[in-house]
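Numbering (our numbering), first residue to last: 164 to 549.
This is the structure:
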């Protein structure tokens with residue numbers, strides 16, 4: 164059962180650079196889904212009514228008891244950290260205690276929740292995050308959060324957002340990015356009471372990724388897991404490692420770097436340094452102006468990372484960056500079998516010949532060319548370019 168929800172001390176609040184947390188339907192989905200994952204959910208249902216500005220997220224996580232439900236939407240209340248020292252021990256996706264409170268100031272918020280050891284409750288909150296109505300409710304263990312009339316009192320925000328189609332595209336991309344980091348979770352996504360799409364759970368990310376890149380097969384991909392020494396201690400630790408899923412360059416590549424993706428500790432992040440490291444590692448195996456399919460997921464010790472760089476925690480401060488870059492380059496080379504220790508010589512030579520032939524056909528890959536690493540992503544299904 165999750166630790167009780169409590170308000171954060173003022174000195175911790177001042178250390179957290181939260182900024183504006185909720186700015187779109189996709190941001191609502193992200194914050195609620197991360198809460199579900201922190202609660203141990205393995206099945207998440209997202210329902211959207213974009214014209215009504217309503218979002219509902221249901222999960223089978225651990226749920227909340229009535230006492231925690233009363234505090235859930237109060238400002239700076241969380242069950243995930245307690246003091247300043249805990250900011251350097253973060254293992255959860257959320258920790259600021261701001262998302263639900265922000266939602267009460269921007270929308271109507273209702274939460275139904277039940278633990279495995281108690282009955283269910285339904286709580287409604289006012290615009291300050293205070294519980295104003297509570298009653299028993301029948302539901303399975305887990306939590307259902309409903310956000311209605313989002314930005315009803317902020318017409319400028321509604322007018323400044325993209326069309327419904329554009330917002331749904333952002334929601335879909337948000338869910339897919341989170342799903343890549345948590346392949347064991349089952350997802351169902353509904354729009355206007357009709358199933359929009361679903362994501363089946365997979366044992367590995369290699370098996371999951373073809374659900375997003377429809378023309379890529381699992382055997383077009385290579386997955387590798389590497390334990391990495393703790394850069395600060397130079398000692399192996401179970402909390403430090405990397406997982407790599409990449410497309411074999413002689414089978415798949417793309418016309419832009421939209422599938423060069425980096426995640427850290429369960430969350431997709433933007434890291435130009437690591438993205439450039441990935442591109443450099445593929446430099447001799449791809450044609451000019453073509454880019455790899457590569458998903459990198461780092462498991463970083465909590466004391467080696469600072470999440471307080473961006474309100475959505477999409478940007479990070481990563482300690483020992485050069486050490487991680489070396490490990491990533493080595494892992495990509497290993498995954499591409501650019502080492503005779505991993506392949507018989509005949510197979511190795513055949514593979515290398517094919518890889519270099521691809522690159523030579525269209526001139527060498529240029530590392531000096533300026534590349535936008537985070538362009539707008541295409542809608543699903545993502546068309547794979549031959």
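Backbone N, C-alpha and C fix where the C-beta goes; we use that ideal spot for every residue, glycine too.
It should be emphasised that the depicted structure is a prediction, and the values quoted were computed from it without experimental measurement.
- For residue 299, the enclosing beta strand (DSSP E) begins and ends at 294–300.
- For residue 197, the three-state secondary structure derived from DSSP is helix.
- Ranked by Cα distance from residue 340, the options 421, 466, 384, 309 are led by 421.
- Rounded to the nearest angstrom, the gap between the Cα atoms of residue 287 and residue 217 is 15 Å.
- Note: residue 427 is bridge-paired with 430, 461 in the DSSP secondary-structure output.
- DSSP, reduced to helix, strand and coil, places residue 469 within a strand of the structure shown.
- Ranked by how close their Cα comes to the Cα of residue 498, the residues 194, 455, 387 have 387 in first place.
- Residue 412 places its beta carbon less than 8 Å from that of residue 445.
- Annotation: the continuous beta strand (DSSP E) that includes residue 351 extends over 349–354.
- Taking C-alpha positions only, residue 376 is separated from residue 417 by approximately 11 Å.
- In summary, residue 295 is exposed, with fewer than 16 beta-carbon neighbours lying within 10 Å of its beta-carbon over all protein chains present.
- Bounds of the alpha helix (DSSP H) holding residue 265 are 262–269.
- Put simply, the backbone Cα of residue 381 is about 37 Å away from that of residue 324.
- Residue burial annotation: residue 327 is exposed, with fewer than 16 other C-beta atoms found within 10 angstroms of its C-beta.
- For the set 201, 318, 321, 196, the Cα lying nearest the Cα of residue 208 is the one of 196.
- Per DSSP, the unbroken alpha helix (DSSP H) holding residue 443 starts and ends at 435–444.
- Using a Cβ distance threshold of 8 Å, residue 284 and residue 299 count as a contacting pair.
- The Cβ atoms of residue 311 and residue 261 lie no closer than 8 Å to each other.
- DSSP places residue 216 in the coil class of the three-state scheme, outside both helix and strand.
- As a beta-bridge residue in DSSP terms, residue 361 pairs with 351.
- Our two residues, residue 443 and residue 230, have alpha carbons roughly 52 Å apart in a direct line.
- Distance from the CA atom of residue 194 to the CA atom of residue 201, rounded to whole angstroms, is 11 Å.
- Here the C-alpha atom of residue 354 lies approximately 21 Å from the C-alpha atom of residue 364.
- Per DSSP, residue 329 is one residue of the alpha helix (DSSP H) stretching across 327–344.
- One alpha carbon belongs to residue 492, the other to residue 466, and they sit about 23 Å apart.
- When DSSP states are grouped into helix, strand and coil, residue 456 belongs to the coil group.
- According to the DSSP assignment, residue 285 belongs to the beta strand (DSSP E) that extends over 283–288.
- Counting C-beta atoms within 10 angstroms of its own C-beta, residue 435 has fewer than 16 neighbours from the protein chains shown and is therefore classed as exposed.
- When only Cα atoms are considered, residue 485 and residue 437 end up about 9 Å apart.
- Between the alpha carbons of residue 321 and residue 266 lies a gap of roughly 15 Å.
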